[in-house]
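Peer 1: Residue numbers (the numbering used here), protein chains in the order written: chain W, 8 to 343; chain L, 8 to 343.
2 protein chains.
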Amino acid sequence: MKIILDVLGGDAAPAAPIEGAIAALKKNADLQLILVGPKPTIEEAFQKAGIEESRYEIVHAEEAVLNTDHPANFLRTKPNCSMALAFQTLKDREDVDAFLGAGPTGAMLSGCIFKIGRIPGVKRPALLATLPTKSGGLVRLTDAGANMDCKPEYLVQFAKMANEYLKVLGIEKPRIGLLSVGMEEGKGNELTKTVFPLLRDDPSLNFIGNIEGDKVLDGICDLVVSDGFAGNVFVKSLEGGAYFVSDLFKEAVSGTWWRKIGALFQLKALGNVKKPFKYANDSCAPLLGCKKLVVKCHGKSKALNFASALEEVMTYAREHLVEKVAAAIEATPLGE
Amino acid sequence: MKIILDVLGGDAAPAAPIEGAIAALKKNADLQLILVGPKPTIEEAFQKAGIEESRYEIVHAEEAVLNTDHPANFLRTKPNCSMALAFQTLKDREDVDAFLGAGPTGAMLSGCIFKIGRIPGVKRPALLATLPTKSGGLVRLTDAGANMDCKPEYLVQFAKMANEYLKVLGIEKPRIGLLSVGMEEGKGNELTKTVFPLLRDDPSLNFIGNIEGDKVLDGICDLVVSDGFAGNVFVKSLEGGAYFVSDLFKEAVSGTWWRKIGALFQLKALGNVKKPFKYANDSCAPLLGCKKLVVKCHGKSKALNFASALEEVMTYAREHLVEKVAAAIEATPLGE
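1) Which residues in the same chain have their Cβ closer than 8 Å to the Cβ of residue 51 of chain W, if we skip the five residues on either side of it in sequence?
2) Work out the CA separation of residue 310 of chain L and residue 274 of chain L for me, nearest whole Å.
3) For a contact meaning CB atoms closer than 9 Å, what does residue 254 of chain L contact in chain W?
4) With contact counted as at least three CB pairs below 8 Å, one residue from each stretch, are the stretch 232-249 of chain W and the stretch 180-187 of chain W in contact?
5) Would you list, in chain order, the members of the stretch 146-158 of chain W that have their beta-carbon closer than 8 Å to a beta-carbon of chain L?
6) Who are the neighbours of residue 4 of chain W on chain L, taking C-beta pairs under 7 Å?
7) Which residues does DSSP list as the beta-bridge partners of residue 39 of chain W?
8) If the cut is a Cβ gap below 9 Å, which residues of chain W does residue 294 of chain L touch?
9) Look up residue 2 of chain L in the DSSP assignment and say whether it is helix, strand or coil.
10) Taking C-beta pairs closer than 9 Å, name the residues in chain W that residue 280 of chain L reaches, listed in chain order.
11) From the beta carbon of residue 208 of chain L, is the nearest beta carbon of chain W less than 7 Å away?
12) Considering only C-alpha positions, which residue in the set L:230, L:57, L:46 and L:76 is nearest to residue 162 of chain L?
13) What residues of chain L sit near residue 186 of chain W, judged by a beta carbon separation below 8 Å?
14) Determine, using beta carbons only, whether residue 191 of chain L comes closer than 7 Å to chain W.
15) Closest Cβ-Cβ distance between residue 333 of chain W and chain L: below 7 Å?
16) Can you give the beta carbon distance from residue 345 of chain W to residue 222 of chain W, rounded, assuming they're within the 8 Å contact cut?
17) Between the alpha carbons of residue 125 of chain L and residue 219 of chain L, how many angstroms are there, rounded?
18) Roughly how many angstroms separate the alpha carbons of residue 105 of chain W and residue 64 of chain W, rounded to a whole number?
19) For residue 113 of chain W, which residues from the same chain have a beta carbon less than 6 Å from its beta carbon, with the 5 sequence-adjacent residues on both sides left out?
20) In chain W, which residues lie with their C-beta within 7 Å of the C-beta of residue 223 of chain L?
21) Excluding sequence positions up to five away, which residues of its chain have a Cβ less than 7 Å from the Cβ of residue 108 of chain L?
22) Does chain W have any CB closer than 7 Å to the CB of residue 211 of chain L?
23) Closer than 8 Å by C-beta to residue 123 of chain L: which residues in its own chain qualify, once you throw out the five before and the five after it? Chain order, please.
24) DSSP has residue 89 of chain L in a bridge; who is on the other side?
25) Please name the residue in L:294, L:308 and L:319 whose C-alpha comes closest to that of residue 329 of chain L.
26) What residues of chain L sit near residue 288 of chain W, judged by a beta carbon separation below 7 Å?
27) Would residue 27 of chain L be called buried (16 or more neighbouring beta carbons within 10 Å of its own) or exposed?
28) So, for residue 175 of chain W: in the same chain, excluding its five sequence neighbours on each side, which residues have a beta-carbon less than 8 Å away from its beta-carbon?
29) Could you pull the start and end residues of the beta strand (DSSP E) that residue 184 of chain W belongs to?
30) I think residue 255 of chain L touches residue 247 of chain W, with their Cβ atoms under 8 Å apart; what is that distance to the nearest whole Å?
31) For residue 108 of chain L, does the three-state DSSP call read helix, strand or coil?
32) Quick check: residue 144 of chain L and residue 226 of chain L, are their CB atoms within less than 7 Å of each other?
33) What residues from chain L crowd round residue 237 of chain W, counting only those whose CB sits closer than 8 Å?
34) So, under 8 Å CB-CB, residue 25 of chain W and residue 58 of chain W are touching, yes? Tell me the CB distance rounded to an integer number of Å.
35) With distances taken Cα to Cα, identify the nearest neighbour of residue 160 of chain L among L:73, L:204 and L:137.
36) Just curious, the beta strand (DSSP E) that residue 320 of chain L is in, first and last residue?
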């Protein structure tokens, strides 16, 4: 198992990816890594950690893609940055199973599109968002913002691709909802009204119907399908509402010394409030529809997150996620 | 000033509308009401309160439109319900200034469309949502769900109509944002990318650019413009995120007796958490683009809310809101 890791991706790079990589290598004897980042720093850390040289290769890179870089142009403007070299390595080498990075999502997506390409038959690659549910689980949404204007068949493909991913995660018959403005079949815009029967009548999907934005976190489905515009609006609005209330409560429990005394009685419980979000942020997700396995983990990932993400990627590769997605798409050819 | 009030609209009907009406009549000597609801109940309450008979009329109705009724069909299936008779009265009588109701939004909207009609030139009537901001103010969004598939000119009209409303509310140059997935002009779907320059180049509008769902509650604009699908997704997702965090915090501050002791130190502050939402829910809003003044107040309105809503409606009527909306639309004729 050989995975490329972007050592300069994420807020805590390069320390967090390096530490995570070392931890993952120590734990998984069958893992090999191609580390793309500053060679001297990586070499020093790996030698110090006593990692055998046969377990890793280094592709030297000094520059990172930033959130301020235009995501579609980084391959041209920063051809030697770690992410560009990681994609090039993924493209060139046959012996590589996957690429894991915590760099900007938009750049990861355009790297997939322009360097690696889509699985034949896939109309549009899609982004997955991972959100917490009230029952302590997770719910995924796709497309989270890669495709603004979608045709009905794109959404059907998003559902099929994410369905394979969720099955690899161990969910036998993922419950799939369609983001709309009412539960009944007739509710929604032209797009969702066209997509509804397509999802319902597809024997490979466990479609539960429309789902509204205020019900998604109830955990009544495992996957929410949407066009990328509404999906992105959904994810950001949810965040906006959550932060708004969170700030109000924080002020209420700790805005004065008097209230802080009260918070002493709630300390552990208040600490737990963040957990569902932390849990959701910790998870990584593949870029759906890419010809090779490309996995994005959160920009705020710490060493532990990189270590567990590497293990997740191993699972995806071992379970042949890309091949399964390809098979699911090929099983139902869709006209443009 | 003569206003029709749906006495059977809202969760606390008929008591809350009746009490609110009595309070408003007592406070405003120039107000007259046409009350649509159960005649004996209304008469008894009004006589008991000592309201002069010249101040009110009653149109008898026993049935209400429910949330479970199909909003587009109630005029046919419940022709004698209070809302249907209220719309009929608004249509028939020349001496009436406005109609205020707390019944289901969808039904209020179809009443406007099928009984009263649009202002000439208005392509589509639109719904306003009112949301709290972090700075303690309010922000409005339109369309909140009346129009699923929108052409660019619809959104421009939504902006123009709501702009007049906000000016009537005393905001001199309402700051208008366009709901999208990124701040830059190029971000969004085909619709928002087409609408952006139209809003920017309109001299009657104070357009501040795109706004993302997680920024709306920051209070950086007074109005957010959107198609009805994304707008509805936005409002519901925001609510979903807010409730999710609210539940987590409630559990943290009162899930056990020990934590409840802590909450004693925070009692007043915790009570304040709800205030911004209460404030937003208390506000009423006109149905934009309707030929006559139709105002919807929240389904959970209490007597006090009905009283203040009646005063708000008086302001809208006095300020000639409908005429101003008509003038704003006529000032810029748009092709279909």
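Backbone N, C-alpha and C fix where the C-beta goes; we use that ideal spot for every residue, glycine too.
The structure presented is a predicted model; accordingly, all values stated were derived computationally and were not measured.
Peer 2: This is what the structure gives:
1) Position 44 of the first sequence holds residue 51 of chain W. Correct list: empty, nothing qualifies.
2) Indexing the second sequence from 1 puts residue 274 of chain L at position 267. Indexing the second sequence from 1 puts residue 310 of chain L at position 303. Spanning the two alpha carbons is a distance of roughly 26 Å.
3) The residue given as residue 254 of chain L occupies position 247 in the second sequence. Within chain W, the residues 141 have their CB atoms less than 9 Å from the CB of residue 254 of chain L, given in chain order.
4) The stretch 232-249 of chain W makes contact with the stretch 180-187 of chain W, as at least three CB pairs between them are under 8 Å.
5) Residues of the stretch 146-158 of chain W with a C-beta less than 8 Å from any C-beta of chain L: 152, 155 and 156, listed in chain order.
6) Only positions 8 to 343 of chain W appear in this structure, which leaves residue 4 of chain W out of reach.
7) By 1-based counting over the first sequence, the position of residue 39 of chain W is 32. Bridge partners of residue 39 of chain W: W:9.
8) Residue mapping note: residue 294 of chain L aligns to position 287 of the second sequence, counting from 1. Going along chain W, no residue has its Cβ under 9 Å from residue 294 of chain L, so there is no contact; the nearest lies around 18 Å.
9) Because chain L in this structure spans residues 8 to 343, residue 2 of chain L falls outside the shown range and cannot be described.
10) Here the question's residue 280 of chain L lines up with position 273 in the second sequence. Identification of chain W residues near residue 280 of chain L by a Cβ-Cβ cut-off of 9 Å yields 252, 255, 256, 258 and 259, ordered along the chain.
11) For the purposes of this step, residue 208 of chain L is identified with residue 201 of the second sequence, where counting begins at 1. Interface annotation, residue 208 of chain L: not in contact with chain W, CB-CB separation never under 7 Å.
12) In the second sequence, the residue the question calls residue 162 of chain L occupies position 155. Closest by alpha carbon: L:230.
13) For the purposes of this step, residue 186 of chain W is identified with residue 179 of the first sequence, where counting begins at 1. Using a Cβ-Cβ cut-off of 8 Å, residue 186 of chain W is close to 240 of chain L, given in chain order.
14) Within the second sequence, residue 191 of chain L is the residue found at index 184, counting from 1. Under the 7 Å criterion on CB atoms, residue 191 of chain L is classed as non-interfacial with respect to chain W.
15) Numbered from its first residue, the first sequence carries residue 333 of chain W at position 326. Not closer than 7 Å to any Cβ of chain L, the Cβ of residue 333 of chain W fails to qualify, so no.
16) Chain W is shown from 8 up to 343; residue 345 of chain W falls before or after that span and cannot be answered.
17) Within the second sequence, the letter at position 118 stands for residue 125 of chain L. Within the second sequence, the letter at position 212 stands for residue 219 of chain L. Each residue's Cα considered, the two are about 31 Å apart.
18) Mapped onto the first sequence, residue 105 of chain W falls at position 98. Mapped onto the first sequence, residue 64 of chain W falls at position 57. The straight-line gap from Cα to Cα measures roughly 14 Å.
19) In the first sequence, residue 113 of chain W corresponds to position 106, counting from 1. Counting only residues of its own chain and dropping the five nearest sequence neighbours on each side, residue 113 of chain W has a CB closer than 6 Å to the CB of 78.
20) Position 216 of the second sequence holds residue 223 of chain L. When 7 Å is used as the limit between beta carbons, residue 223 of chain L is near these residues of chain W: 247, in chain order.
21) In the second sequence, residue 108 of chain L corresponds to position 101, counting from 1. For residue 108 of chain L, the CB contacts under 7 Å within the same chain, skipping 5 residues up- and downstream, are 13, 16, 90, 93, 115 and 303 in chain order.
22) Position 204 of the second sequence, counted from the first residue, corresponds to residue 211 of chain L. Residue 211 of chain L does not count as touching chain W.
23) Here residue 123 of chain L corresponds to residue number 116 of the second sequence, with the count starting at 1. When the five nearest sequence neighbours on each side are left out, the beta carbons in the same chain lying within less than 8 Å of the beta carbon of residue 123 of chain L are those of 94, 97, 98, 297, 298, 299 and 301, in order along the chain.
24) The residue labelled residue 89 of chain L in the question sits at position 82 within the second sequence. Paired residues: none, contrary to the question.
25) Along the second sequence, one-based indexing puts residue 329 of chain L at 322. For residue 329 of chain L, the nearest C-alpha among the options comes from L:294.
26) Indexing the first sequence from 1 puts residue 288 of chain W at position 281. Taking a Cβ-Cβ cut-off of 7 Å, residue 288 of chain W has no neighbours in chain L, whose nearest Cβ is about 15 Å from it.
27) Taking the first residue of the second sequence as position 1, residue 27 of chain L is located at position 20. Burial of residue 27 of chain L is indicated by the presence of at least 16 other C-beta atoms within 10 angstroms of its C-beta.
28) On the first sequence, position 168 is the one that residue 175 of chain W refers to. Once the five neighbours on either side are set aside, the close Cβ partners of residue 175 of chain W are 322, 323, 326, 328 and 331.
29) As a first step, residue 184 of chain W must be located in the first sequence, where it is residue number 177. Residue 184 of chain W -> beta strand (DSSP E) spans 182-186.
30) Start at 1 with the first residue of the second sequence, and residue 255 of chain L comes out as number 248. Start at 1 with the first residue of the first sequence, and residue 247 of chain W comes out as number 240. With 8 Å as the limit, residue 255 of chain L and residue 247 of chain W do not qualify as a contact, their Cβ atoms being about 16 Å apart.
31) By one-based count along the second sequence, residue 108 of chain L stands at place 101. Strand, per DSSP.
32) Within the second sequence, residue 144 of chain L is the residue found at index 137, counting from 1. Within the second sequence, residue 226 of chain L is the residue found at index 219, counting from 1. Taking 7 Å as the Cβ cut-off, residue 144 of chain L and residue 226 of chain L qualify as a contacting pair.
33) By one-based count along the first sequence, residue 237 of chain W stands at place 230. Contact annotation for residue 237 of chain W against chain L: 236, 237 and 240 [CB-CB distance below 8 Å, chain order].
34) By 1-based counting over the first sequence, the position of residue 25 of chain W is 18. By 1-based counting over the first sequence, the position of residue 58 of chain W is 51. That pair is no contact at about 10 Å.
35) Here the question's residue 160 of chain L lines up with position 153 in the second sequence. Selected option, being the one with the closest Cα: L:204.
36) Indexing the second sequence from 1 puts residue 320 of chain L at position 313. Element bounds for residue 320 of chain L: not the beta strand (DSSP E) but the alpha helix (DSSP H), 310-325.
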